[in-house]
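This report concerns only the one structure given below.
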């Protein structure tokens, strides 16, 4: 075994510099550049000069700490060449930087380190996402959802996949898996609420303020709607099953700024108000009313907070699965009927096969109609049904009316009182800005009305009210006059025509005035 005394700390070489003998000593730990500078100094040239060594046989000797040791009688002949006068200081500096960078990358393995860090960050993001999915409870989640998306779902572009299961464990390939769709809690997990007569009547009005109600209270109000409309008796629904259905629906709405369970309740309550104010049971069956109400409850299930345009441009799993055709609306339908496939939540378990087939087709039709990409198509079809007179006995006409009704409810915030509608605008813009920020980050096209650098609250609302809301309500008002005429023929059965005249559709002047006032306010 050797010892420290056997290790030579320095190395000596002998040089012949233009006939002059020189001796150079350097440590074995010196770098090639250090030896180069030492010989350049001995030769009396600049450190930027090119230095080369030859042994007694004329062979070139490498300039590094491992170069062979020679003797005074066989010195290395030194040749040097100064940089060309045309070479500027900038080029010399660039050469030096290049050499330094090369050595730095070689020693510290920068590229390998970057790759390793990127891999670890990706794994950490994935782990955070999976842990977040297990921990989130919709009712308790009151944190800032945009921050959660940025941290957890930054690279995630996948959604529900009900069929992808491994033999030993379920693969979480989406944000709404089997474990989420199954009921997490049973009833009664919230107290039974007794509604006052004042609340019962208020619930039937489009002016109903949905911001004053907690999630459990909204569940009770939904139950009341289904009982009061006679849907529980019509479909022979077990009351406990109805509670479980609403609980499971609530758990499958994400805590998005806009497309959340409160939006679901808002749309359903507006439909409930329409049914009462327009006496829709006179032109529709209880089955039709059940389809309308259930479609409203389920119309945005598991909405990810990013619209169809994003799904298609980002080529998400949903867009691929549904061939870019209303991917979100198809997904909402799939989640709805996945919930209904659970016997504990199936509110239509006691109807016959033919009835369920009609219910499934009706709910699917209505949820798909909420895709705003189909707005022009549906409204054009609806206008054709008005000529020469709307036929309530024609199934196709009635289906079109139901599609327009759910569309009205889905975008009805602006026909509510200002104090009710105003917060929804802020919620919608927040969700838009979340999407546009993500699209910029991923290099995807950004819609101007979603870009936080371009859009304002007035510009976002004025165009929508003028070109979507007002024309749609004008068209629906034409049907409402027909409905008013039908009700006038039923006065002998105790229905008063004047009740129809106070509805939001028949008395459209109130709606138009409200919308125009809102436009003027935004323009200030």
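In our numbering, the protein residues as written are 828 to 1351.
Built from N, CA and C at the ideal position, the CB exists for glycine as well.
Predicted model, so just to flag it, every value in this text is computed and none were measured.
For residue 1097, is the classification buried or exposed, using 16 other Cβ atoms within 10 angstroms of its Cβ as the cut-off for buried?
Locating residue 1097 in the chain shown gives position 270, counting from the first residue. Residue 1097 should be labelled buried.
In angstroms with no decimal places, state the Cα-to-Cα distance between residue 1143 and residue 1243.
Taking the chain shown and counting its residues from 1, one reaches residue 1143 at position 316. Taking the chain shown and counting its residues from 1, one reaches residue 1243 at position 416. Their backbone Cα atoms lie some 35 angstroms apart in a straight line.
Under a Cβ-count criterion, where at least 16 other Cβ atoms within 10 Å of its own Cβ denotes burial, should residue 1039 be classed as buried or exposed?
As a first step, residue 1039 is located in the chain shown; it is residue number 212 there, counting from the start. With fewer than 16 Cβ atoms within 10 Å of its Cβ, residue 1039 is classed as exposed.
Count the other CB atoms within 10 Å of the CB of residue 845; is the residue buried (16 or more) or exposed (fewer)?
Taking the first residue of the chain shown as 1, we reach residue 845 at position 18. The residue in question, residue 845, is exposed, as its Cβ has fewer than 16 Cβ neighbours within 10 Å.
Endpoints, alpha helix (DSSP H) assigned at residue 1085:
Walking along the chain shown from the start, residue 1085 turns up at place 258. No alpha helix (DSSP H) contains residue 1085, which DSSP labels as neither H nor E.
Label residue 886 either buried or exposed according to how many other C-beta atoms from any shown protein chain fall within 10 Å of its C-beta, with 16 as the threshold for buried.
As a working note, residue 886 is residue 59 in the chain shown. Looking at its Cβ environment, which holds fewer than 16 other Cβ atoms inside 10 Å, residue 886 is exposed.
For residue 1110, three-class secondary structure by DSSP:
The residue you call residue 1110 lines up with position 283 of the chain shown. Shown here, residue 1110 sits in coil according to DSSP, grouped into three states, outside any helix or strand.
Residues in the same chain with beta-carbon distance under 6 angstroms from residue 1188, minus the five sequence neighbours each way, listed in chain order, please.
The residue given as residue 1188 occupies position 361 in the chain shown. Leaving aside the five residues that flank residue 1188 on each side, none in its chain has a CB nearer than 6 angstroms to its CB.
Taking the alpha carbon of residue 857 as the point to measure from, which residue in 1117, 890, 1167, 1150 has its own alpha carbon closest?
Mapped onto the chain shown, residue 857 falls at position 30. For residue 857, the nearest C-alpha among the options comes from 890.
Can you pull the DSSP bridge partners for residue 849?
Along the chain shown, one-based indexing puts residue 849 at 22. Its beta-bridge partners are 842.
Tell me which residues share the same chain as residue 1151 and place their Cβ nearer than 6 angstroms to its Cβ, disregarding the 5 neighbours each side in the sequence.
Position 324 of the chain shown, counted from the start, is the residue given in the question as residue 1151. Within the same chain, residue 1151 has close Cβ partners 1139.
Rounded to whole angstroms, what's the CA-CA distance from residue 1270 to residue 1137? Just pull it up for me.
Counting from 1 along the chain shown, the entry for residue 1270 is found at position 443. Counting from 1 along the chain shown, the entry for residue 1137 is found at position 310. Taking the straight line from one Cα to the other gives about 11 angstroms.
Given residue 1238, which residues of its chain have a CB within under 6 angstroms of its CB, disregarding the five upstream and five downstream residues?
Against the chain shown, residue 1238 aligns to sequence position 411. Cβ neighbours of residue 1238 beyond the five flanking positions: none.
Starting from residue 907, follow the beta strand (DSSP E) in both directions and report where the run begins and ends.
Along the chain shown, read from residue 1 onward, the residue named residue 907 stands at position 80. From DSSP, the beta strand (DSSP E) with residue 907 extends over 903-908.
Could you tell me whether the Cβ atoms of residue 1236 and residue 1195 are closer together than 8 angstroms?
Residue numbering aside, residue 1236 sits at position 409 when the chain shown is read from its first letter. Residue numbering aside, residue 1195 sits at position 368 when the chain shown is read from its first letter. The criterion of a C-beta distance shorter than 8 angstroms is not satisfied by residue 1236 and residue 1195.
Looking at the unbroken alpha helix (DSSP H) that takes in residue 1044, where does it start and where does it end?
Within the chain shown, numbered from 1, the residue matching residue 1044 stands at position 217. Note, residue 1044: alpha helix (DSSP H), 1042-1055.
Where residue 1047 and residue 949 are concerned, what is the direct C-alpha to C-alpha distance, given to the nearest angstrom?
Against the chain shown, residue 1047 aligns to sequence position 220. Against the chain shown, residue 949 aligns to sequence position 122. Each residue's alpha carbon lies about 43 angstroms from the other.
Suppose you measure from the CA of residue 1221 to the CA of residue 1106; what does that come to, to the nearest Å?
Here residue 1221 refers to the residue found at position 394 when the chain shown is read from its first residue. Here residue 1106 refers to the residue found at position 279 when the chain shown is read from its first residue. The C-alpha of residue 1221 lies about 19 angstroms from the C-alpha of residue 1106.
Residue 1229 and residue 1193 - do their beta-carbons sit closer together than 8 angstroms?
Indexing the chain shown from 1 puts residue 1193 at position 366. Indexing the chain shown from 1 puts residue 1229 at position 402. The Cβ-Cβ distance between residue 1193 and residue 1229 falls below 8 angstroms.
Counterpart residues of residue 888 in DSSP-defined beta bridges
Translated into the one-based positions of the chain shown, residue 888 becomes position 61. Residue pairing from DSSP places residue 888 in a beta bridge opposite 880.
Am I right that residue 1117 and residue 1061 are in contact with their C-beta atoms under 8 angstroms? What's the rounded C-beta distance?
As a working mapping, residue 1117 is identified with position 290 in the chain shown. As a working mapping, residue 1061 is identified with position 234 in the chain shown. At roughly 6 angstroms, the Cβ-Cβ gap stays under 8 angstroms, so residue 1117 and residue 1061 are in contact.
Mark residue 1200 as exposed unless 16 or more other C-beta atoms lie within 10 angstroms of its C-beta, in which case mark it buried.
Locating residue 1200 in the chain shown gives position 373, counting from the first residue. By the neighbour-count rule (16 or more Cβ atoms within 10 Å), residue 1200 is not buried but exposed.
Beta carbon of residue 901 nearer than 8 angstroms to that of residue 883:
By one-based count along the chain shown, residue 901 stands at place 74. By one-based count along the chain shown, residue 883 stands at place 56. Yes. Within cutoff.
State the start and end residues of the unbroken alpha helix (DSSP H) segment that holds residue 1290.
Numbered from 1 along the chain shown, position 463 holds the residue referred to as residue 1290. Counted as a single uninterrupted DSSP element, the alpha helix (DSSP H) harbouring residue 1290 occupies residues 1284-1291.
Give me the Cα-Cα distance between residue 1257 and residue 1281, rounded to the nearest whole angstrom.
Position 430 of the chain shown, counting from 1, holds the residue named residue 1257. Position 454 of the chain shown, counting from 1, holds the residue named residue 1281. Those two C-alpha atoms are separated by around 14 angstroms.
Looking at the structure shown, is residue 837 part of a helix, part of a strand, or coil, going by DSSP?
Along the chain shown, read from residue 1 onward, the residue named residue 837 stands at position 10. Of the three classes helix, strand and coil, the one that applies to residue 837 here is strand, per DSSP.
Looking at residue 1069: is its Cβ nearer than 8 angstroms to the Cβ of residue 1055?
Counting from one through the chain shown, the residue named residue 1069 turns up at place 242. Counting from one through the chain shown, the residue named residue 1055 turns up at place 228. It is not a contact, given that the beta carbons lie outside the stated cut-off.
Give me whichever residues DSSP pairs with residue 854 in a beta bridge.
For the purposes of this step, residue 854 is identified with residue 27 of the chain shown, where counting begins at 1. The partner list for residue 854 (beta bridge, DSSP) reads 837.
With respect to the alpha helix (DSSP H) encompassing residue 860, which residues constitute its N-terminal and C-terminal limits?
By one-based count along the chain shown, residue 860 stands at place 33. Residues 859-870.
Check residue 1270 in the structure and name its three-state DSSP category.
Your numbering for residue 1270 matches position 443 in the chain shown. Residue state for residue 1270 is assigned as coil, using DSSP reduced to three classes.
Could you have a look at residue 1132 and say whether DSSP puts it in helix, strand or coil?
The residue given as residue 1132 occupies position 305 in the chain shown. Of the three classes helix, strand and coil, the one that applies to residue 1132 here is coil, per DSSP.
For residue 876 and residue 870, I'd like the C-alpha separation in whole angstroms.
As a first step, residue 876 must be located in the chain shown, where it is residue number 49. As a first step, residue 870 must be located in the chain shown, where it is residue number 43. Approximately 10 angstroms between the Cα atoms of the pair.
Go to residue 795, then tell me how far its alpha helix (DSSP H) extends in each direction, as first and last residue.
Because the chain in this structure spans residues 828 to 1351, residue 795 falls outside the shown range and cannot be described.
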